Ligand SMILES: [Cu+2]
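Residue numbers (the working numbering): 3 to 214.
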């Protein structure tokens, strides 16, 4: 048993050394850059923003109070979480990566890739044909019937598609986070409730692995 545990630990350390474990604490410096070198292989990915939700019911099919990850929730409160689909993206070192992120669920989101300079602030809004039709700067919400009335820089609204572009410079696994729907704890842990116990419909995260 000890031998097996030791073997697993050794293999884990070797993999971490080879691939790196990028998080807020130890993301490789310059791991991803917002601009691509000319001639870098281009990889396009379509990413959907979706939502899982339910209103938990009792055995008589009536909405009932419940517990979510240790947090008490009242009857009729919606248990929900936003998600990127796909939530795992694997690229190679040197690739120029284009993520076309389309918001179907949730009135607004943003994206930042932890430990890097890459995020949706100032990113292009593109139409169905890929043509640039705007930029993610602070602006009025194009959905007048939904809150909030104003969007901050980097936030995109339901029905919008944004282009997040970066070059993968250093191997590792990077967390792509929507800060609207994620609370980041003091040790970098991702949580679905903020420090006051308010549900954030998350955490909303995807993982980008850069292979050597
Ligand atoms: Cu979000």
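Each residue gets a CB set at the ideal place from its N, CA and C atoms; glycine is no exception. Keep in mind that this is a model prediction, so the values were computed, not measured.
Checklist entry - Around the C-beta of residue 78, are 16 or more other C-beta atoms found within 10 angstroms, so that it is buried, or is it exposed? => result exposed
Next on the checklist: Cutting at 6 Å between CB atoms, please list the residues of its own chain near residue 141, excluding the five before and the five after it.
Outcome noted: 153
Checklist entry - Thinking C-alpha only, which one of 34, 145 and 58 is nearest residue 118? => result 34
Next on the checklist: Within 10 Å of its beta-carbon, does residue 210 have 16 or more other beta-carbons around it, so buried, or fewer, so exposed?
Outcome noted: buried
Checklist entry - Under 7 Å between the Cβ atoms of residue 52 and residue 109? => result no
Item to check | Helix, strand or coil at residue 182 [DSSP, three-state] | outcome: helix
Checklist entry - Quick one: what's residue 204 bridged to in DSSP? => result DSSP, once it has assigned bridges, lists no residue as partnering residue 204.
Next on the checklist: What would DSSP say about residue 87, mapped onto helix, strand or coil?
Outcome noted: strand
Checklist entry - With which residues is residue 122 paired in a DSSP beta bridge? => result Paired residue(s): none; residue 122 is not in a bridge.
Checklist entry - Do you know whose CA, among 98, 198 and 91, lies nearest residue 175's CA? => result 91
Checklist entry - Alpha carbon to alpha carbon, how far is residue 103 from residue 172? => result 23 Å
Next on the checklist: Given 6 Å as the limit, tell me if residue 182 has its C-beta closer than that to any heavy atom belonging to ligand 1.
Outcome noted: Residue 182: yes, Cβ under 6 Å from ligand 1.
Next on the checklist: Suppose the cutoff is 7 Å on Cβ atoms and the five residues either side in sequence are ignored; what does the same chain contact list for residue 54 look like?
Outcome noted: 82, 83 and 85
Checklist entry - How should residue 213 be labelled, buried or exposed, when 16 other C-beta atoms within 10 angstroms of its C-beta is the threshold for buried? => result Of the residues assessed, residue 213 falls on the exposed side of the cut-off, its CB having fewer than 16 other CB atoms within 10 angstroms.
Checklist entry - Are there 16 or more other CB atoms within 10 angstroms of the CB of residue 2, so buried, or fewer, so exposed? => result The structure shown does not extend to residue 2, since the chain is modelled only from 3 to 214, so the question has no answer here.
Checklist entry - Among 43, 186 and 158, which has the Cα closest to the Cα of residue 113? => result 158
Checklist entry - Given residue 162, which residues of its chain have a CB within under 6 Å of its CB, disregarding the five upstream and five downstream residues? => result The answer, listed in chain order, is 105 and 127.
Next on the checklist: What does the Cβ neighbour count give for residue 19, buried or exposed, with the cut at 16 atoms within 10 Å?
Outcome noted: Residue placement at residue 19 cannot be trusted, given a pLDDT of 44 that sits under 50; the coordinates are not used to answer.
Checklist entry - For residue 82, does the three-state DSSP call read helix, strand or coil? => result strand
Checklist entry - Taking Cβ positions, are residue 138 and residue 122 nearer each other than 7 Å? => result yes
Item to check | Best match in 44, 63, 61 and 49 for proximity to residue 215 [C-alpha to C-alpha] | outcome: Here the chain has residues from 3 to 214 only, and residue 215 is not among them.
Checklist entry - Under a Cβ-count criterion, where at least 16 other Cβ atoms within 10 Å of its own Cβ denotes burial, should residue 184 be classed as buried or exposed? => result buried
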